Amino acid sequence: MVFNGFEAEDFAVFSIPEFEARMEAIRSRVRPKLTALADELAPRLSRETGAPFYPHVAAHARRKVNPPDETWMALSRSPRGYKRYAHFEVGIGAEEVFVRLVIKPEADDKPGAARWLREHGEEAAAILPSSYLWALHRDGASDRPWPRLDGGALQELGVALEKKAAGLTVGRRFGQQDPVLAERQSFLTLAERVLLELFPLYEAVIPGAEPSGEPSSQAGAAR
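In UniProt numbering, the protein residues as written are 1 to 223.
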């Protein structure tokens with residue numbers, strides 16, 4: 001399948017109330033698009049940055065009752081998964097598409113990222129434009145946007161990130177009416193630009209990270 005943009009029917013999937021019906025719609029309609037998108041963006045990002053990125057697509061296999069409110073593809077430095085590492089996500093929910101850097105609460109990279117933010121708040125504040133949204137992330141709960149983005153505030157975010165249940169997301173969101181989402185090349189260009197703008201922060205929070213394994217030819221499933 002070739003990624004050809006997002007349509008109104010893709011967003012409508014997340015309004016389906018029944019668990020099995022929504023999961024089937026995600027698997028049949030949305031997941032193939034995200035797989036195609038991941039397979040396009042992974043080599044682009046690797047080529048532009050010189051760093052290895054491997055494609056994965058969320059499978060939500062552990063969910064049995066509550067259907068997901070959003071789904072995503074991930075680009076990770078490991079071909080075996082993404083949750084253990086700082087990684088990029090491009091995904092979709094009922095009202096928006098997002099492109100973001102994610103560090104999950106259980107990630108191996110989290111202690112180093114928290115320490116770097118705590119020690120380099122001013123530098124962190126200068127990396128990204130003000131249009132980027134920083135938030136504490138908790139699986140199963142809404143992200144909590146960070147209220148201020150000056151150096152002192154991002155140092156405080158680093159302290160908050162040290163808590164066991166806390167993770168980090170930072171990126172941009174695009175409402176479903178944004179015309180760029182519906183056009184293949186426009187969205188690929190936009191997503192690549194956001195990923196490249198996030199990459200200096202990615203490099204900063206995981207200094208010395210070693211890649212593992214060899215690239216896979218297709219996006220892998222992830223839980």
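Ideal Cβ placement from N, Cα and C applies to all residues, glycine included.
Here the structure is a predicted model, which is why all the values come from computation and not from measurement.
For residue j and residue i, the rounded distance between their alpha carbons
i       : j       : result
Leu-41  : Arg-193 : 11 angstroms
Phe-14  : Gln-176 : 13 angstroms
Glu-7   : Glu-20  : 22 angstroms
Asp-10  : Val-30  : 6 angstroms
Asp-178 : Arg-100 : 17 angstroms
Ser-78  : Ala-191 : 21 angstroms
Pro-43  : Pro-55  : 9 angstroms
Ala-125 : Leu-117 : 10 angstroms
Ala-221 : Phe-187 : Because Ala-221 sits at a pLDDT of 46, beneath the cut-off of 50, its placement in the model cannot be relied upon, and the following sentence gives the value as read from the coordinates. Straight-line Cα distance between these residues: approximately 23 angstroms.
Ile-26  : Ala-12  : 10 angstroms
Pro-145 : Gly-167 : 12 angstroms
Ala-165 : Glu-70  : 20 angstroms
Arg-80  : Phe-53  : 11 angstroms
Reference residue i; option with closest CA among the options
i       : options                           : result
Pro-129 : Phe-88, Arg-77, Gly-171           : Gly-171
Arg-148 : Arg-100, Pro-111, Tyr-132         : Tyr-132
Trp-72  : Ser-46, Pro-79, Leu-37, Arg-184   : Leu-37
Thr-169 : His-137, Trp-146, Pro-17, Pro-111 : His-137
Leu-201 : Glu-122, Ala-12, Ser-186          : Glu-122
Glu-203 : Gly-5, Arg-27, Ile-26, Gly-50     : Gly-50
Ser-46  : Pro-67, Ala-25, Phe-88            : Phe-88
Asn-66  : Ala-74, Pro-17, Ile-103           : Pro-17
Glu-24  : Phe-199, Ile-127, Ala-61, Val-205 : Ala-61
First through last residue of the alpha helix (DSSP H) which encompasses residue i
i           : result
Glu-24      : 19 to 25
residue 228 : Nothing in the structure corresponds to residue 228, since the chain is present only between 1 and 223.
Pro-32      : 31 to 49
Phe-11      : 8 to 12
Gly-151     : 151 to 161
Span of the beta strand (DSSP E), counted from its first residue to its last, around residue i
i       : result
Glu-70  : 70 to 76
Leu-168 : 167 to 175
Ala-58  : 54 to 58
Length-filtered (3 minimum) beta strand (DSSP E) runs lying within the stretch 90 to 132: Counting only runs of 3 or more, we get 96 to 103.
Three CB pairs or more closer than 8 angstroms across the stretch 144 to 162 and the stretch 94 to 102: They do not touch, by the three-pair rule.
Inter-stretch contact at 8 angstroms, needing at least 3 Cβ pairs: the stretch 156 to 170 / the stretch 181 to 195: By the Cβ criterion, the stretch 156 to 170 is not in contact with the stretch 181 to 195, since fewer than three pairs of Cβ atoms, one from each stretch, lie closer than 8 angstroms.
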